[in-house]
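Engineer: Below: one structure in structure tokens.
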Amino acid sequence: MRTKLPFLIAIFFTTFSYSLKGQKNFVFPELPYSYDALEVFIDKTTMEIHYSRHHKAYYNNFVKTLDESGLGNKSIEELFANVSKHPVSIRNNGGGYYNHNLFWEIMSPVGGGIPKGELLKAIEKAFLSFEEFTNKFENAAKGQFGSGWAWLAVDKEGNLFVSSTPNQDNPLMDVAEKRGTPILGLDVWEHAYYLHYQNKRADYVSNFWKVVNWKTVEEKYLNAVSKSK
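The opening residue of the sequence shown carries number 24 in our numbering; numbering runs sequentially from there.
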């Protein structure tokens, strides 16, 4: 028994340290505003359930899978680039974790209006006008069959594109039809809007523009473009 003790202790601390490493690499972020701060777009009850239950569940299951699969040392980009080769929980729960992180971040109680600067120039170059962009984005969101997301993303050449993905997929994943770095995302799962909008997804989509934090979206755009060069 005495000869086995150091071995068992080593196993315990290795497992414990690995779990801490996974938790350290991927943390559950605080919501950057109160549950009722976006009520022009999302009601308080929906926000609380969406963030504290749905998003937290994706995070917990994602971290659990990382611990079990030995993938906790990889970045989210590395995981998604080969997501088709990893456990399906990485795709579903890792996607849910990442997508919601972006979703909360690109909204603000003082958002809305139109973008400025380099982002606006890029939108006008890619879609001819801001209005054409919003139309295309809304069509992607409304036309996504079942659960999923609509995206504005930057491709590897630094160009903007609009797309949609099912479930918790996103353009970073190797399973996506159009690949790139997301800078704006809209959740069109029913749990994101059904308490307030019921089956009126189009109203939910059109109200999204009232809370978009264009400054944050532009920062993400410039960062994505710098990586594409």
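Cβ atoms here follow ideal geometry from the backbone N, Cα and C, with glycine treated the same way.
For chain B, find out if any of its Cβ atoms is closer than 7 Å to the Cβ of K144; answer yes or no.
Structural biologist: Considering every chain present, this structure includes no chain B. It has just one protein chain.
Engineer: Is the segment 228-240 in contact with the segment 153-164, if contact means three or more CB pairs nearer than 8 Å?
Structural biologist: yes
Engineer: For the candidate residues G140, K148 and M70, whose alpha-carbon lies nearest to that of W127?
Structural biologist: Start at 1 with the first residue of the sequence shown, and residue 127 comes out as number 104. Comparing Cα positions, the closest option is M70.
Engineer: Measure the alpha-carbon distance for G208 versus F51 and round it to whole angstroms.
Structural biologist: Within the sequence shown, the letter at position 185 stands for residue 208. Within the sequence shown, the letter at position 28 stands for residue 51. Cα to Cα, G208 sits roughly 18 Å from F51.
Engineer: Should G95 go down as buried or exposed, given a rule of 16 or more other Cβ atoms within 10 Å for buried?
Structural biologist: Stepping through the sequence shown from its first residue, residue 95 is reached at position 72. G95 should be labelled buried.
Engineer: Can you tell me whether DSSP reads I206 as helix, strand or coil?
Structural biologist: Position 183 of the sequence shown, counted from the start, is the residue given in the question as residue 206. Strand, per DSSP.
Engineer: Hey, which unbroken runs of the alpha helix (DSSP H) at 4 residues or more fall wholly within the segment 141-214?
Structural biologist: Qualifying alpha helix (DSSP H) stretches, in chain order: 153-166.
Engineer: Per DSSP, which residues does M130 bridge with? Please list them.
Structural biologist: Within the sequence shown, the letter at position 107 stands for residue 130. Answer by DSSP bridge pairing, in chain order: V235.
Engineer: Under 7 Å, do G134 and N48 count as touching if we go by C-beta distance?
Structural biologist: For the purposes of this step, residue 134 is taken as residue 111 along the sequence shown, with counting starting at 1. For the purposes of this step, residue 48 is taken as residue 25 along the sequence shown, with counting starting at 1. Not a contact, by the Cβ cut-off of 7 Å.
Engineer: What does a CB cutoff of less than 6 Å around Y244 pick up in its chain, not counting 5 residues either side in sequence?
Structural biologist: Sequence index remark: in the sequence shown, residue 244 carries index 221 (1-based). Beyond the five residues adjoining it in sequence on each side, Y244 comes within less than 6 Å, by CB distance, of L142 and I206 in the same chain, given in chain order.
Engineer: Looking at L218: is its Cβ nearer than 7 Å to the Cβ of T68?
Structural biologist: Walking along the sequence shown from the start, residue 218 turns up at place 195. Walking along the sequence shown from the start, residue 68 turns up at place 45. Going by C-beta atoms, L218 is nearer than 7 Å to T68.
Engineer: For I113 versus V106, is the C-beta spacing smaller than 7 Å?
Structural biologist: For this step, residue 113 is matched to residue 90 along the sequence shown. For this step, residue 106 is matched to residue 83 along the sequence shown. Yes, the Cβ-Cβ distance between I113 and V106 is below 7 Å.
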